[in-house]
Every structure is written in C-alpha cells, then in structure tokens.
Amino acid sequence: MAKEITPREKDYARWYTDVVTRSTLADYSPVKGCMVIRPHGYALWENMRDALDRMFKATGHVNAYFPLFIPKSFLSKEAEHVEGFAKECAIVTHTRLKGVEEDGKRFVVPDPDSRLEEELIVRPTSETIIYAMYAKWIQSWRDLPLLINQWANVVRWEMRTRLFLRTTEFLWQEGHTAHATHEEAIEEALTILEIYRKFAEEWLAIPVLTGTKTEKEKFAGAVTTWCIEAMMQDGKALQAGTSHDLGQNFARAFDLKYQTREGNWEYAWNTSWGVSTRLIGALVMTHGDDDGLVLPPRVAPLQVVIVPIWRNDEQQRATIAAGRELLAKLREAGFRVTLDERDNVNPGFKYAEWELRGVPLRLELGPRDLEKNAVMAVSRLDRQKTSIPFDDLPAKVGELLDGIQAAMLERARKFRDERTREVDDWAAFEREIEAGGFLRARHCGDRACEEEIQEKTKATVRVQPDGEPDDPGPCVHCGRDAPRRVVFARAY
RNA sequence: CGGGGCGUGGCGCAGCCUGGUAGCGCACUCGCUUGGGGUGCGAGUGGUCGCCGGUUCAAAUCCGGCCGCCCCGACCA
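Residue numbers for the first sequence follow my numbering, beginning at 22 and rising by one.
Quick look at the structure:
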C-alpha cells in the first residue's frame with residue numbers, strides 16, 4: 022500500500038529514515054550531521070515542550086537562558102565531566118573572516134588577527150556555566166532551593182548521526198537545581214524522574230522502565246543517574262530521559278557555597294536533568310508502521326483531518342460546506358483539526374498522505390454520509406471505522422481520540438512485555454540477546470564485568486529498575502553474588 | 001576514526017564497461033478525465049552530468065587530484 026517507505030521487516034533503519042523524511046518531520050541539511058526540523062516536526066516538539074514546561078512549572082521550576090558559549094577553562098573544572106565531553110566539543114577560535122584570493126578565486130578564511138585569547142566552547146551541556154552563575158547568586162540557605170530550567174540547543178560533535186536520535190546539534194531542556202541537603206537533591210531528581218515517566222506514558226504513550234544507571238553508564242560528573250528507558254520496535258533500547266544527582270561535585274568545582282542557619286559555610290547539592298528532541302525519534306520508533314507515522318493524539322500537531330468526497334460540482338460544494346461547519350465546530354471544541362479541500366488529488370491519495378503524517382483520526386465526509394447526517398471516522402491505529410452522527414460530534418471525537426491514546430500505550434506495553442524475559446545463565450543470555458528485547462538478569466555490578474558483556478554481545482545494563490524486591494543469585498556472566506536483576510539490552 | 005556506497009532537472013534513478021550534442025519515473029504547469037484507498041490520457045517547463053586538471057577532432061563516459069554526502073562499526077542523549 023504505502024509508496025516509497027521501506028517496510029520495517031526489510032530494513033528497520035531505512036524504514037526509520039524514510040518515515041522521518043517522507044512524513045515531513047525533518048530533512049537532511051547541507052551541514053554535515055545537522056538536520057532541519059520541518060514545521061510538522063517542530064509543531065510536534067512544541068506540543069511536547071509545552072506539556073513538559075507546564076509540568077516543570079507546576080513543581081516550582083522557572084525558566085531562564087544561559088549563553089551558548091562556555092569559556093574553555095570552565096569545562097576543565099570537573100574532572101569526570103571533562104573526560105566525558107572533551108572528545109565531542111566544537112571550539113570557537115576566531116571572530117572574523119577575511120576574504121582572500123587564490124588562482125583568481127575568492128574565498129574566506131579565519132582572520133588570524135581575530136584569534137581569541139580564551140577560546141570558547143559551544144555548549145555540549147550547560148552544567149559549568151550554570152553552576153558558575155549559581156555560585157554568584159547563592160549565599161544563604163534562604164537562597165535555596167534554586168530550581169531553574171532552560172530550553173536550548175546544544176552541540177556534541179559525534180561521529181555518527183541519525184535523524185533525531187543523534188545529530189551534531191539538537192534541542193533539549195536542561196534543568197539545574199541547587200539544594201541545601203543531599204536528601205533534598207535526591208528528592209528533586211526523583212520528582213523529575215516521575216515527571217518524565219508520566220510524560221512518556223501519558224503523553225507520548227511510550228511505556229518506560231525507571232531506575233538507575235550503572236557506574237559505567239551514568240552521566241559524567243554525576244553521583245547517581247536515573248533514567249527512563251524505552252524499547253523500540255526492533256527490540257533495541259532507547260534512553261529517553263535522564264535525571265542526575267550531582268552530589269557536590271560541581272559545587273566544589275565552582276565554589277558554590279551557602280551559609281547555613283547555624284552560620285557555617287557548606288557546598289550546595291545539585292541535580293541536572295534533561296530530555297531532548299530524541300523523544301521524537303522514540304515516538305516514531307515506538308508507534309510507526311509501514312504506512313508511516315502514528316502519533317499519539319495528545320501531542321499530534323493535527324489530531325483530526327476532514328476529507329470531503331465528491332463526484333460532481335454539486336457534491337463538491339455540499340461536502341466542502343459541511344466540512345467547513347464541522348471544522349469550525351471541532352476547533353471550537355479545542356481540537357487541532359484541518360479540512361483537506363484540495364481538488365487536484367483524490368480521496369485515496371489524501372488518506373495515504375495523512376496516514377503517512379500520523380494524523381490519529383480521519384473524518385470522511387461524502388454524499389452517503391451527508392444523507393445520514395453523519396461522518397465516517399477512521400482510526401490511524403487500526404483503520405477501524407465508526408459512523409458518527411453530526412449531533413454527537415465534538416464529544417464522540419474526543420472519545421475516539423482518548424481511545425486511540427490509551428490503545429497506543431497498551432499496544433506498546435504489550436510489545437515490550439512480550440520481549441522482556443528472564444535469563445539465568447550465560448549461554449541463554451548470548452542466545453537470547455540475538456533476538457533483541459530486554460533481558461532481566463542478575464549482574465554483580467562490577468564495571469569490568471559489564472564491559473566484557475558489552476564486548477561479547479553489544480548489550481549493556483540499560484537500567485537497574487527501582488522498587489524491586491531483592492532476588493539474590495549468581496551474576497549471569499561471572500557467577501559472583503548479585504543482589505537482584507537488572508535489565509540488559511542493545512541500545513541506540 | 002576504520003569499512004562500504006553514492007554524487008546526472010526539485011526527488012529517485014538509468015546511461016559510463018565499449019567516448020559522438022543527455023534519458024526514464026515521480027513531482028511541477030496547462031487541458032480534459034477521475035474522485036468512498038496513492039485515477040487515466042494528452043501537451044509542456046526544467047539539467048554548465050559535484051569541483052579542478054589531463055587525454056582526445058570530440059568527455060557524463062577514459063585518466064589524475066580534490067570536495068561533499070549517506071550507510072555500517074567503535075564513542076555518545
């Protein structure tokens with residue numbers, strides 16, 4: 022049916038790229054490793070951003086904006102942090118270009134006279150600049166907690182790129198907080214983790230596991246990294262968001278101290294947390310099918326498309342007129358909806374195109390429907406048809422959209438649970454990991470052991486799930502004592 | 001950074017081996033037709049064949065160099 026999309030079975034990576042580009046979410050740009058987020062993709066991001074922003078604000082956070090550039094010296098202040106990011110930073114060395122001529126051709130080169138004394142780093146993340154500012158703003162216990170978020174772009178010069186999943190520049194939010202006690206900081210990190218979980222499941226219909234990262238996988242500079250981890254349709258894991266307890270690592274590095282009620286000076290406790298446009302990639306790979314995108318109604322840029330159907334001029338006038346009324350009524354009710362009045366393509370073409378772009382609900386409006394004073398609603402999820410009398414209109418559309426939203430989460434959860442299994446011995450692990458999905462196995466927690474597992478199988482510990490009872494036994498790889506099971510998978 | 005592939009109208013490709021004035025599909029424009037799952041027919045618009053150099057009467061095609069992008073791996077959200 023679908024033209025031009027590689028089926029998932031044939032080549033999952035190609036399918037992903039096809040869906041992202043053909044559905045007009047994004048396109049490759051002339052800049053290596055960088056993508057253009059097109060209006061459809063950006064509208065999706067805006068909806069995600071707005072929902073998250075409300076959740077952050079409801080829990081006491083405020084937005085601010087910090088500079089794109091970071092003095093080089095800042096980045097070297099926290100040892101682990103440098104180690105983690107040094108290899109992927111873009112560096113600004115000059116501030117001017119200069120025209121030169123060679124072989125009769127003109128081009129530009131950096132003007133040697135404009136070389137910067139202290140080079141600037143294009144932020145890969147903003148911990149350093151933000152905690153430098155916090156050190157200036159915080160003196161007293163009364164200044165705490167400080168709960169700031171920023172919506173920004175960051176640059177990480179990675180070797181491989183994949184639309185939305187890994188690009189040189191990407192959009193994200195990064196929260197940075199300062200607290201008087203470690204307990205409070207941990208509570209903050211967990212509050213955010215819960216927001217991420219809720220957002221992923223209730224808005225994106227992506228079921229996630231929550232828990233901590235191992236030493237090997239945690240953020241460079243963190244004491245503890247919590248994450249939400251999702252499973253894509255090819256069985257690979259995708260880290261969808263992280264929340265870090267930074268302890269006093271950055272406070273010490275940037276001399277971020279406050280005076281206690283008792284008059285002593287103490288280092289503050291920090292957290293940082295973020296989700297990025299990578300979530301769009303997660304959305305595509307969790308719900309998409311061989312016909313294209315499938316978007317959850319709550320974040321879909323368009324929730325409903327009305328397609329009028331006619332055979333002659335009179336019917337064209339009638340169905341478009343009815344369509345416009347319908348459009349107004351649904352907009353009034355708060356739905357994101359459009360009417361496809363184009364007369365140069367036939368209905369079948371429109372169906373295929375709107376399905377490709379992931380619109381959850383289509384309302385077909387033809388002569389047969391007009392006779393009955395009804396529209397035919399078709400779900401993007403399963404193409405199930407429901408005839409809706411005009412009189413039931415805004416309400417019934419809301420019900421159908423809610424139903425699609427719930428069914429998407431349900432379907433994704435079932436998919437994940439069916440591909441999650443327990444393994445207890447190494448032979449089973451090596452065999453099962455080839456089939457993809459999540460493997461729940463015991464692990465000793467030793468970093469070297471985890472690295473060996475990765476070398477042998479490309480699998481890593483994705484998450485050490487929260488809130489699970491102890492289940493002691495031998496490590497699946499080395500046989501040493503392990504307290505409980507963790508989740509292994511190959512990851513993006 | 002290692003391995004592979006590709007640069008030819010807006011997009012996807014053929015032509016290259018065996019040199020002889022550039023072709024197909026889609027898209028676009030116009031007309032008719034059709035319209036409840038990507039209608040059909042006809043007429044058009046649009047390209048210094050990635051760049052530089054060489055061989056030749058003649059280069060998209062052969063030779064040399066350069067540039068760019070994509071895919072796969074290691075690193076990463």
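For each residue, glycine too, the CB sits at the ideal point set by N, CA and C.
Would residue i and residue j be called neighbours here (beta carbons separated by less than 8 Å)?
| i | j | result |
| --- | --- | --- |
| Gly232 | Asn270 | no |
| Leu192 | Trp66 | yes |
| Ile425 | Leu382 | yes |
| Pro322 | Ala64 | yes |
| Glu30 | Pro92 | no |
| Thr398 | Leu421 | For the record, residue 398 in the displayed sequence is Ala; it is not Thr. Yes; because the gap between Cβ atoms is below 8 Å, this pair is in contact. |
| Ala206 | Asp266 | yes |
| Phe95 | Ala153 | yes |
| Trp224 | Arg136 | no |
| Leu259 | Ala512 | yes |
| Lys257 | Ala79 | no |
| Trp247 | Leu211 | yes |
| Glu238 | Glu179 | no |
| His102 | Asn170 | no |
| Arg505 | Asp491 | yes |
Which same chain residues, not among the five before or five after residue i, have their C-beta less than 7 Å away from its C-beta?
| i | result |
| --- | --- |
| Tyr288 | Gln269, Ala272, Arg273, Leu277, Lys278 |
| Cys55 | Thr188, Thr189, Glu190 |
| Arg9 | What the structure shows of the chain is the stretch from 22 to 513, and residue 9 is not part of that stretch, so it cannot be assessed. |
| Gln485 | Gly232, Thr233, Thr235, Val507 |
| Ser297 | Phe191, Leu192, Trp193 |
| Tyr49 | Met56 |
| Ile474 | Ala480, His498 |
| Ala47 | Val41, Met56, Val57, Ile58, Arg59, Gly62, Leu184, Phe185 |
| Leu402 | Val315, Ile425, Ala428, Met429 |
| Glu222 | Pro228, Val229, Leu430 |
Measure the beta-carbon distance from residue i to residue j and round it to whole angstroms, keeping in mind my assumption that it falls under 8 Å.
| i | j | result |
| --- | --- | --- |
| Gly419 | Leu386 | So it is not a contact: roughly 18 Å between Cβ atoms. |
| Phe450 | Val482 | That belief does not hold up - the Cβ atoms of Phe450 and Val482 are roughly 12 Å apart, past 8 Å. |
| Ala503 | Gly494 | 6 Å |
For residue i, which of the options has the nearest alpha-carbon?
| i | options | result |
| --- | --- | --- |
| Pro410 | Val396, His61, Ser400 | Val396 |
| Gly105 | Ile301, Glu236, Ala339, Met253 | Glu236 |
| Val326 | Val358, Leu167, Leu118, Pro388 | Val358 |
| Arg35 | Met154, Ile159, Gln280, Leu184 | Leu184 |
| Gln336 | Arg299, Gln324, Glu392, Leu314 | Glu392 |
| Tyr155 | Arg404, Leu168, Thr146 | Leu168 |
| Phe220 | Lys257, Leu300, Thr182, Thr246 | Leu300 |
| Arg177 | Leu348, Ile142, Trp158 | Ile142 |
| Glu346 | Asp311, Ala85, Asp412, Ser297 | Asp412 |
| Ala111 | Arg144, Asp311, Gln171 | Arg144 |
| Thr116 | Lys108, His102, Asp446, Pro131 | Pro131 |
| Ala427 | Pro133, His308, Val103 | His308 |
| Leu384 | Arg338, Val366, Thr407, Asp438 | Thr407 |
| Ser97 | Arg70, Pro133, Ile150 | Ile150 |
| Trp290 | Glu148, Asn394, Gln324, Arg70 | Glu148 |
Which residues in the same chain have their Cβ closer than 6 Å to the Cβ of residue i, if we skip the five residues on either side of it in sequence?
| i | result |
| --- | --- |
| Lys371 | Val328, Asp361 |
| Tyr217 | Ile249, Gly262 |
| Phe90 | Leu141 |
| Ile213 | Ser264, Trp294 |
| Trp331 | Gln337, Thr340 |
Taking only the alpha-carbon atoms, compute the straight-line gap between residue i and residue j and give it to the nearest angstrom.
| i | j | result |
| --- | --- | --- |
| Leu460 | Thr441 | 6 Å |
| Phe87 | Gly196 | 12 Å |
| Glu209 | Thr292 | 7 Å |
| Ser264 | Gly500 | 31 Å |
| Tyr33 | Asp255 | 7 Å |
| Ala100 | Phe275 | 12 Å |
| Ser400 | Gly369 | 15 Å |
| Ile159 | Thr146 | 21 Å |
| Ala456 | Met429 | 23 Å |
| Asp467 | Lys477 | 16 Å |
| Asn285 | Gly302 | 48 Å |
| Asp311 | Asn68 | 25 Å |
| Leu165 | Glu443 | 44 Å |
| Thr423 | Cys470 | Residue identity check: residue 423 is Asp in the sequence provided, not Thr. Distance between the alpha carbons of Asp423 and Cys470 is about 46 Å. |
| Trp306 | Glu431 | This sequence places Met at residue 306; Trp is not what is there. Met306 and Glu431: Cα-Cα distance of roughly 15 Å. |
| Val52 | Asn174 | 16 Å |
Spatial neighbours of residue i within its chain, please: CB distance less than 8 Å, with the 5 preceding and 5 following residues excluded, ordered by chain position.
| i | result |
| --- | --- |
| Thr45 | Arg59, Pro60, His61, Gly62, Arg378 |
| Gly313 | Ala23, Ile26, Val40, Arg43, Ser44, Glu376, Leu377, Arg378, Gly379 |
| Pro415 | Lys350, Leu351, Glu353, Ala354, Phe356 |
| Trp533 | Nothing can be reported for residue 533: it is not among the residues displayed for the chain, which extend from 22 to 513. |
| Val113 | Phe90, Leu137, Glu140, Leu141, Ile142, Val143 |
| Gln405 | Val399 |
| Glu453 | Arg442, Val444, Leu460 |
Quick one: is the Cβ of residue i within less than 7 Å of any heavy atom of the ligand GTP?
| i | result |
| --- | --- |
| Gly302 | Summarising the ligand content, the structure contains no ligands, and the ligand GTP is consequently not present. |
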